[in-house]
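Take a look at the structure below.
Residue numbers (our numbering): 49 to 321.
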């Protein structure tokens, strides 16, 4: 008997004796086909046994299985049940998943207060997507009293972790002065970070700022460049209209240069089609 076989036998024996962690580990092994022949029915069996004893990871995995309905009969009520049990023990994945389900209201009854509750728990653990979602809900007054200061707080936390949507929203707050002191330089910084991740709206907003001279001297070359990049990334109507408007103020030579700058920018930021 080799070492791997001994490990499997030890885990199986412990699982059969009721050890919840061993049951969870055995479920993972059957699910992934790790050291043992893949068997999804056995995975469900052992996750269920472990989950019923309170193992948060098993509860989360079982929730995913019921949600997806690929390895077990799809059952959204069971999914919510197991996600909730796991989330109540602090499982961040379960908390975030519940938040999304309550926010979207497609699979369960929409409940913004529940969404805020679970997003807050996982956001406080540092989840950037939850922080972004909380920022949106605070800015819209969904599930909480509308509070732009709180929205800015959560957008900042998320943006600092690299969330492009949060960076865009934070840029818009600095541009408008909602929830923060109006600051075009900070708006430019956050729009740029978002734009570099491919957000076409952030690219468009940069074009507007340079066209209006919000961050110093008006720069139509940069404005044309960012409108061009935004149009390339799908923001067709508004970006193209503004690009053409700016283009009428530039010489052919400057337009050609701005187009080259656009191509170079797109290539350097790996945004090629």
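Note that CB positions come from ideal geometry on N, CA and C, so glycine has one too.
Since this is a predicted model, take the numbers as computed values, not measurements.
Next item on the list: Below 8 Å on the Cβ atoms is my guess for residue 291 versus residue 275; work out the distance and round it to an integer in Å.
Entry: 4 Å
Check: Got a sec? Which residues, its chain only, sit under 7 Å from residue 237 by beta carbon, not counting five neighbours each side?
Finding: none
Next item on the list: Using a threshold of 9 Å, state whether the C-beta atoms of residue 198 and residue 182 are closer than that.
Entry: yes
Next item on the list: Assign residue 50 to one of three DSSP states: helix, strand, or coil.
Entry: Its pLDDT being 49, under 50, residue 50 is placed unreliably in this model, and the value from its coordinates should be taken loosely. Here residue 50 sits in coil by DSSP.
Notebook entry, point to check: Would DSSP call residue 317 helix, strand or coil?
Noted result: coil
Note to self: Which residue marks the beginning of the alpha helix (DSSP H) containing residue 249, and which one marks its end?
What the structure shows: 248-260
Margin query: So for residue 191, helix, strand or coil by DSSP?
Written below: coil
Check: Is residue 63 helix, strand or coil when you go by DSSP?
Finding: helix
Check: Measuring CB to CB, does residue 107 end up less than 9 Å from residue 130?
Finding: yes
Note to self: Measuring only the C-alpha atoms, how far is residue 73 from residue 134?
What the structure shows: 16 Å
Note to self: Are the CB atoms of residue 212 and residue 242 within a distance shorter than 9 Å?
What the structure shows: yes
Checklist line | Close-in-space but distant-in-sequence residues of the same chain around residue 227 (CB under 6 Å, 5 per side omitted) | finding: 196, 197, 199, 200 and 221
Item checked: When 120, 171, 186 and 140 are compared against residue 160, the one with the closest alpha-carbon -> 186
Next item on the list: May I ask you to check if the CB of residue 183 is nearer than 8 Å to at least one heavy atom of the ligand NAD?
Entry: You won't find the ligand NAD in this model; it holds no ligand whatsoever.
Next item on the list: Go ahead and label residue 299 buried or exposed: buried means 16 or more other beta carbons lie within 10 angstroms of its beta carbon, across all protein chains shown.
Entry: exposed
Checklist line | Spatial distance of residue 126 from residue 254 (CA atoms) | finding: 46 Å
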